[in-house]
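Our numbering puts the first residue of the sequence shown at 1018, with every later residue one more than the last. In what follows, a structure is listed as structure tokens, so that the remarks can point back to it.
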Amino acid sequence: MSEIPYKIYLEESEMPKAWYNLRADMKNKPAPLLNPGTHQPMTAAELGVVFCDELVKQELNDTDPYIEIPQEIRDFYKMYRPSPLVRAYCLEKKLNTPAKIYYKFEGNNTSGSHKLNSAIAQAYYAKKQGLKGVTTETGAGQWGTALSMACAYFELDCKVFMVKVSYEQKPFRREVMRTYGASVTPSPSMETEIGKKILAEHPGTTGSLGCAISEAVEVAVGTEGYRYVLGSVLNQVLLHQSVIGLEAKAALDKYGVKPDMIIGCAGGGSNLGGLIAPFMGEKLRGEADYRIIAVEPASCPSFTRGTFAYDFCDTGMVCPLAKMYTLGSGFIPAPNHAGGLRYHGMSSTLSQLYHDGYMEAVSVPQTAVFEAAEQFARTEGILPAPESSHAIKVAIDEAKKCAETGEEKTILFGLTGTGYFDMVAYEKFHDGKMDDYIPTDEELAQYAATLPKMD
Ligand SMILES: *Cc1c(COP(=O)(O)O)cnc(C)c1O
């Protein structure tokens, strides 16, 4: 079996020419976005006030299985794609497991994560529409970095609202964004009405993604020639991220390898939705079966302890309502929670698939995640992002189970990025100062009680 190389690359000619739209093959489609005022499905015209026109079409398209990747985007992808699909021989050996472990590594671009795959697509459509610029939010900073790179490439203005705790803890992320020409504002800020309101109600708050989203939307809607773009959760983002799964599947197919299980971390669901897309497509069409596992932090457990219901996507309650697994839009994870994966909701596509039993979810505590991260760094060499390390943790656990049972399972997991900007979190871990705060049932019930009443 050792004829499988450590890294499987694709030729340029083998790279995907179309994204795969998972929703086309779903019998139960994800529920539509609703207007927060009327509770009626959002129309293309309503969505077009906030989002770029072509992206609205993609958002609403649940019938076309393939959507062509424009040549300009494919040309940009060629600069850093295909991303390597790695056979983790060193990790397998270290774990002394008969399991075969593969990971798709999305961290080999300057932004350090998979987010660039969608950022470049969104910037392209904004440019094509003749816009001046875009606004967005960023939590841990990866999305803001990816978007600033994409906007620099297409010469668009880029305004980023960065969750305050990250703005302060990750000054170098901020400077990368400014290097690519973006303006970065800590959120909540005094630049927006919603920011002022949140600051008045919660002075000293360290911010949340939901709050930064509200600010970015307010500025996009109120500024001529601007639209808002989002780096996760939305259908369009999952669509762009399908390039991850399409490449991974093409690479594995070259060697006749079929994964038994596919594991990914889940924040808003974009990398996982992208990685599993073509595999889930086969599962939905009844052509193949795979175990698919979403891994989330125990401190922000949308799938495993959330409610499947319509909820606001943002704290300010200005965005459309989405039906998803949610903890409630007011949920703010404990400030010691490291890295990303702190969004209160989840992609409505993945939520529907989870609800219908097509995938599983597990939650893992923070220190166990960093233990796995360190073990991975020491064996495979790559220093992983804390988010990615959630998937590593469960992949290692599954490989250890194989070591006990002797089963030769094939595991594929998504290694979404590198952790060079997360060294404050690594430092806490090394100094034994990291704790595993897990919200109580009472706390979660309080937030769940604020879900909008639907009739
Ligand atoms: C943003 C991010 C995630 C989580 O976002 P998803 O939309 O759930 O994929 C995971 N890993 C890294 C490195 C990220 O930057």
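Just so it is clear, CB atoms sit at the ideal spot from N, CA and C, and this is done for glycine as well.
Distances taken from the Cβ of residue 1252 to the heavy atoms of ligand 1 include none shorter than 8 Å.
Collapsing the DSSP output to three states places residue 1104 in a strand. Here residue 1393 has 1108, 1399, 1401, 1406, 1409, 1413 as same chain residues with Cβ atoms under 8 Å from its own Cβ, once five neighbours each way along the sequence are excluded.
Between the segment 1167-1186 and the segment 1122-1138, the count of C-beta pairs closer than 8 Å reaches three or more; the two stretches touch. Per DSSP, the unbroken alpha helix (DSSP H) holding residue 1184 starts and ends at 1181-1186.
DSSP, reduced to helix, strand and coil, places residue 1058 within a strand of the structure shown. With contacts defined as CB atoms closer than 9 Å, residue 1264 and residue 1098 qualify as a contacting pair. The C-alpha of residue 1372 lies about 42 Å from the C-alpha of residue 1196.
Measuring C-alpha to C-alpha distances from residue 1374 to each of 1389, 1021, 1311, 1436 identifies 1311 as the nearest.
By the Cβ-count criterion, residue 1189 is exposed, with fewer than 16 other Cβ atoms from all chains shown falling within 10 Å of its own Cβ. Taking every protein chain shown into account, the CB of residue 1257 has 16 or more other CB atoms within 10 angstroms, so this residue is buried.
In the structure shown, the three-state DSSP call for residue 1330 is coil.
The three-state secondary structure of residue 1230, taken from DSSP, is helix. For residue 1122, the uninterrupted beta strand (DSSP E) segment begins and ends at 1117-1122.
Contact between the segment 1237-1249 and the segment 1076-1094 is not established, with fewer than three Cβ pairs separated by less than 8 Å. Under a 10 Å Cβ-count criterion, residue 1057 is classified as exposed, with fewer than 16 other Cβ atoms of the shown protein chains found around its own Cβ. Contact between residue 1279 and residue 1309 is confirmed by a C-beta separation of about 5 Å, below the 8 Å threshold.
Within the same chain, Cβ atoms closer than 6 Å to the Cβ of residue 1116 are found at 1416, 1419, 1426, 1428, the five residues on either side in sequence being excluded. Taking C-beta atoms as the reference points, residue 1317 and residue 1360 count as a pair closer than 9 Å. Here the distance from the Cβ of residue 1377 to the nearest heavy atom of ligand 1 is not below 8 Å. Residue environment: residue 1131 is assigned as buried (16 or more neighbouring CB atoms within 10 Å of its CB, all protein chains considered).
Within the same chain, Cβ atoms closer than 7 Å to the Cβ of residue 1042 are found at 1082, 1298, 1301, 1302, the five residues on either side in sequence being excluded. In the structure shown, residue 1212 falls within a helical segment according to DSSP collapsed to helix, strand and coil. For residue 1341 and residue 1383, the gap between their C-alpha atoms comes out near 24 Å.
In this structure, ligand 1 has no non-hydrogen atom nearer than 8 Å to the beta-carbon of residue 1361. Burial is judged here by how many other beta carbons sit within 10 angstroms of a residue's own beta carbon; residue 1470 has fewer than 16 and is exposed.
Taken from the Cβ of residue 1287, at least one heavy atom of ligand 1 lies inside 8 Å. When DSSP states are grouped into helix, strand and coil, residue 1174 belongs to the strand group. The continuous beta strand (DSSP E) containing residue 1154 extends over residues 1150-1155. A direct Cα-to-Cα measurement between residue 1367 and residue 1376 gives close to 8 Å.
Within 8 Å of the C-beta of residue 1402 there is at least one heavy atom belonging to ligand 1. Counting C-beta atoms within 10 angstroms of its own C-beta, residue 1441 has fewer than 16 neighbours from the protein chains shown and is therefore classed as exposed.
In the DSSP annotation of this structure, residue 1389 is not part of any beta strand (DSSP E); the continuous alpha helix (DSSP H) holding it starts and ends at 1383-1397. Nearest to residue 1176 by C-alpha distance, out of 1422, 1161, 1145, is 1161. Counting only the Cα atoms, residue 1455 lies some 43 Å from residue 1148. Taking 8 Å as the cut-off, the C-beta of residue 1139 does not count as close to any heavy atom of ligand 1.
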